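So in this note's numbering, the last spot in the sequence shown is 408, and the numbers never skip.
Note that beta-carbon positions come from the ideal geometry of N, C-alpha and C, so glycine has one too.
As the structure is a computational prediction, the values presented were derived from the model and not from experiment.
Take a look at the structure below.
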Amino acid sequence: MTDFDSHSGSPSVSDWFPEEDRGGGARGSGSRSAQRLAEYQRLRERCPVAWTEDNGGYWTLTRYDDVRDAARRPADFASGAPFIAMPEFGSQIPISLNPPEHATYRRLLNRYFSAPAMARLEPTIRGFVVEHLEPLLEAGEGDAITAFCQPVPARALSALLNLPDSAYTELVKEIADFERMGWDPNKVGAVIAQVFGAHIARVVAERRARPLDPESDLLSGVMAAEVDGRPLSDDTVTQIGVQLIAAGHATTADSLGAALYRLATNPDIQMTLRRFPERIPSAVEEFLRIETPLPELARTATEDVELHGRTIRAGDRVALNYGAANRDPEAFEHPSACIIDRSPNDHLAFGSGVHKCLGAPLARLELRVALEEILARTAEIDLAGPGTVTTGIMLSGFTSLPLRFRTR
Ligand code: HEM
1 MTDFDSHSGS PSVSDWFPEE DRGGGARGSG SRSAQRLAEY QRLRERCPVA
51 WTEDNGGYWT LTRYDDVRDA ARRPADFASG APFIAMPEFG SQIPISLNPP
101 EHATYRRLLN RYFSAPAMAR LEPTIRGFVV EHLEPLLEAG EGDAITAFCQ
151 PVPARALSAL LNLPDSAYTE LVKEIADFER MGWDPNKVGA VIAQVFGAHI
201 ARVVAERRAR PLDPESDLLS GVMAAEVDGR PLSDDTVTQI GVQLIAAGHA
251 TTADSLGAAL YRLATNPDIQ MTLRRFPERI PSAVEEFLRI ETPLPELART
301 ATEDVELHGR TIRAGDRVAL NYGAANRDPE AFEHPSACII DRSPNDHLAF
351 GSGVHKCLGA PLARLELRVA LEEILARTAE IDLAGPGTVT TGIMLSGFTS
401 LPLRFRTR
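Written as structure tokens, this is what we have:
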């Protein structure tokens, strides 16, 4: 094997610090380190089907076309444990399932993320955004992550699942404890099951006793449904709730942090979006492309697949590197430039194919409303100091982002 036949495996904390933490200037690459981006480029150009012995051995696909194609072929590239570094992650619904079973659950869940469902949630989400924004703006300065980016998605999840609003503080604390563990593969599975599982199991028991309207309440709707002629067990309903919290918080918090970082380091983008707020949705897509908060998801080959002269054997683990694909110059002109009106922008930050993110409409809603409110209330947003970034086996994102605000 040549040097380019292999790659260095999952990211470690040390090689993901943002450029600016190493003195690289304010306009760095968000939470993507220059080293990581260079690795993406090397693999895309010279070894698009790369093998590493890390984590028991796995392949990584980095070219846009290959990643999207594999994501759209669930019969050949099956889902199971979603993260390479955690083969024992445990079954999560729907992300661990495969067709045709997967579709049954997606059908049950999709309606709670429909356009009308999101329109109903929007005023509530806007209220949360304003409530967490105002103290920051009044202070003129503060850490955007703890004050804003973490609580807003927790409250949004609370609202999505119709938890009492007071539950969100508990949820934020649990989530923060969980995220402080740095996504340690030895602890994450157990923590998800115990902490979020215990929380959701209590709510499931309450709903069993006093169901809400299944049309508007996700957990009551799932409980009222039948799969293969049988109602779902409490354990299954709990697993679904746990997956929504595990998948819907850090991803969105990291995206919010990355978007605020982009604004703070690009006064021209701030100005444009203040003047033309109707361009915010398109800017959100570009922030998601360039950041790709969930950069790598796992599959298992179900049969031998030939790709770029290499053979992926049945049973081999395969990482779909959405982060590298989103920076592929064959798919995106000037991929490192943040072009807020990029069109088309068929990025893979939410994946592709049957597992494409269920919560994407909610994440987009939160990001849009957050940017609308923050830009409408400020004349200037600035970095007030260097942020810190943590990277685990699944996500990377700001853990602190000191910002300074000049209000209108
Ligand atoms: C910006 C924020 C988010 C990002 C970047 C993101 C990213 C992703 C990605 C890349 C996948 C595809 C997984 C794969 O290919 O195997 C996915 C799936 C999923 N996401 Fe998200 N997500 C976000 C927010 C959310 C939210 C808010 C929720 C729920 C409230 C959520 C729930 C899910 C679920 C349940 C799946 C599995 C879908 C399936 O297997 O059918 N996500 N997400």
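In the three-state scheme derived from DSSP, where H, G and I count as helix and E and B as strand, E303 is classed as coil.
A Cβ-Cβ distance of about 6 Å is found for the pair C338 and R262, placing them in contact under the 8 Å criterion. In the DSSP assignment, S352 is bridged to no other residue. For E215, there is no enclosing alpha helix (DSSP H), as DSSP marks it with neither H nor E. For L61, DSSP records a beta bridge to V49 and L320. A258 and I175 have their C-alpha atoms some 19 Å from each other. In this structure F350 is buried. Its beta-carbon is surrounded by 16 or more other beta-carbon atoms within 10 angstroms. Excluding residues up to 5 positions away in sequence, C149, Q150 and P153 lie with their Cβ nearer than 6 Å to the Cβ of A253 in the same chain. Under DSSP, D143 takes part in a beta bridge, and its partners are P402. Rounded to whole angstroms, the separation of the alpha carbons of G353 and D382 is 38 Å. Under the three-state reduction of DSSP, L37 is assigned to helix. Going by DSSP, A154 is part of the alpha helix (DSSP H) stretching over P151 to L160. If you check the C-beta of S114 against ligand 1, you find no heavy atom less than 6 Å away.
For I290, the three-state secondary structure derived from DSSP is helix.
Shown here, I381 sits in a strand according to DSSP, grouped into three states. The C-beta distance from A314 to D304 rounds to 6 Å, short enough to fall under 8 Å. Around the Cβ of A379, a 10 Å sphere holds fewer than 16 other Cβ atoms; the residue is exposed. Judged by beta-carbon spacing, V129 lies beyond the 7 Å limit of V284, meaning their Cβ atoms are not closer than that value. At least one heavy atom of ligand 1 is found less than 6 Å from the C-beta of H355.
Between the C-alpha atoms of A81 and R299 there is a straight-line separation of about 8 Å.
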